[in-house]
Structures are given as C-alpha cells and as structure tokens.
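Asker: Position in the sequence shown (first residue = 1) + 532 = my numbering.
Glycine residues also receive a C-beta, built at the ideal position from the N, C-alpha and C atoms.
Because the structure is a prediction, the values reported are computed rather than measured.
I have a structure I would like to understand better, so I am pasting it below and will then ask my questions one at a time.
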Amino acid sequence: MRCQTEPAAPSQVHAEAHNMTLLAKLLSTDLARISSACHGVRGLHDMRQLRTLAEHLDEIRQHAHAVAALTAEHERLPALDFVLHKLEHVRKSSQCLCALYLVDDLFSPVDEARQGNIRILDTVRTGEVLDHYACQCTHCGARYEVEENEYYRTWWAWRVSPTRPLARPAPSQAIAVHA
Ligand SMILES: [Zn+2]
C-alpha cells in the first residue's frame, strides 16, 4: 500500500535543512560556526523557520551561556545576544520583526532596503549633511526615521516616525472643520 503522506515541497525541505544547519551551528562549540549562524538568524525573515528555531530557545540560551563561560572576554560574540533577543521576540510577540530595529544599532537602512524589508521613502539632508532616512517597513507599514552615525564604525539609530496629524485628521477634527 502506498503511503498517502504528501511529500514535503522542495522549498520546505530546503528550509528545514537550512534551519537544522543554523540550529546545529548555534549549538556547536566552534565560535566561527556560531558566529556564522548568528549572521544567518539576523537576516532571517521566514517566520516558520524562526518559530522552529525559537522552540529551541532555552537550549540555545543555555548553550550560549556555557560557551560564554569558556570563552575569553575578547572573543565573546555580541551577535549571539541579538539572536537570543530575536528568538525571544518571535516566541513571545506577534509584533513585526521591524520592532527589533529599535533595539540594535547594526541595521543599515540601505542593506534592509536592498533585502526588501523596508522602503527608503526619503533621504533627508540638512545642507550637504545626511540628517536621517525616512523608511517604511514593507511587511507591516510602520514608519521609521534612521540616523546614521560614525563612531569607530558606522551605526544606525532607528526611531518610530512621529505621527503626522495632518495626514489623517481624527473624526472630531473633521467635524470642527465643517462646523
Ligand atoms: Zn514591520
């Protein structure tokens, strides 16, 4: 008798294999592998894969602490803290991943736009100097203003765009206009 189970789609198999690799790397004791997995999780937007990884969060966190205890101070991986934070976000919150821009200073708006995660709506300058990028998340529509800073390295400060009351007047204001 033939098995009635539908074979997994190739893309799904690929995603699962990729996930296994990321999980195996995160749980390895090789700092280069862990670092490469951190880079992978950082750029990952596939919620299915992220949720699967988040199911292993406790294990990953425990392992990260064990590795940190055995690692010299200068070899510590700050990227791993972000991975733990991102998986915690996926596990506990239904908020869009763009909320994570607010808690990290390594998200380049130009790179995020290149990956299709945001749109750069405007590049606001004061004279010749870049003041900020006005951006919008392509997944949830949230708007951000992003300052670019230089201090040893380039870093970015994301903040939620102030709401513009003129764009959509509240009903009470609309009444006032017609009164
Ligand atoms: Zn978003």
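Determine the direct distance from the alpha carbon of Glu-607 to that of Thr-686, and round the result to whole angstroms.
Answerer: Roughly 21 Å separates the two Cα atoms.
Asker: Note down the Cα distance separating Arg-623 from Cys-667, rounded to an integer number of angstroms.
Answerer: The alpha-carbon atoms of Arg-623 and Cys-667 are separated by roughly 26 Å.
Asker: Taking all protein chains shown into account, do 16 or more other C-beta atoms lie within 10 angstroms of the C-beta of Pro-641, making it buried, or fewer, making it exposed?
Answerer: Its Cβ being crowded by 16 or more others within 10 Å, Pro-641 is buried.
Asker: Between the Cα of His-588 and those of Val-615, Ala-600, Glu-605 and Ala-564, spot the shortest distance and give me the residue it belongs to.
Answerer: His-588 has its Cα closest to that of Val-615, out of Val-615, Ala-600, Glu-605 and Ala-564.
Asker: I need the boundaries of the beta strand (DSSP E) containing Asp-654, first residue and last residue.
Answerer: From DSSP, the beta strand (DSSP E) with Asp-654 extends over 650-658.
Asker: May I ask you to report which of helix, strand or coil DSSP gives Glu-677?
Answerer: Glu-677: strand per DSSP, three-state reduction.
Asker: Under the rule that 16 or more other beta-carbon atoms within 10 Å means buried, what is Tyr-683, buried or exposed?
Answerer: Burial call: exposed.
Asker: State the DSSP-derived secondary structure class of Arg-565, mapped to helix, strand or coil.
Answerer: It is helical.
Asker: Which full runs of the alpha helix (DSSP H) of 4+ residues lie inside the segment 583-667, going along the chain?
Answerer: With a minimum length of 4 residues, the continuous alpha helix (DSSP H) runs that stay inside the segment 583-667 are 589-602, 610-624 and 641-646.
Asker: Based on the DSSP output, what are the partners of Cys-672 in its beta bridges?
Answerer: For Cys-672, which the question treats as bridged, DSSP gives no partner whatsoever.
Asker: Could you name the residues whose beta carbon sits closer than 6 Å to any heavy atom belonging to ligand 1, keeping them in chain order?
Answerer: Residues with a Cβ closer than 6 Å to any heavy atom of ligand 1, in chain order: Cys-628, Cys-630, Cys-669, His-671, Cys-672 and Ala-674.
Asker: What three-state label does DSSP hand Thr-686 in the structure shown?
Answerer: Note: Thr-686 maps to strand in three-state DSSP.
Asker: Check whether the segment 628-646 touches the segment 593-607, taking contact to mean three or more Cβ pairs, one atom from each stretch, closer than 8 Å.
Answerer: Taking 8 Å as the limit for Cβ pairs, the verdict is that the segment 593-607 does not touch the segment 628-646.
Asker: Could you tell me how far apart the beta carbons of Lys-688 and Glu-677 are, in whole angstroms, since I believe they sit closer than 8 Å?
Answerer: Here residue 688 turns out to be Trp, not Lys, going by the sequence shown. Contact flag wrong, Cβ pair sits at about 11 Å.
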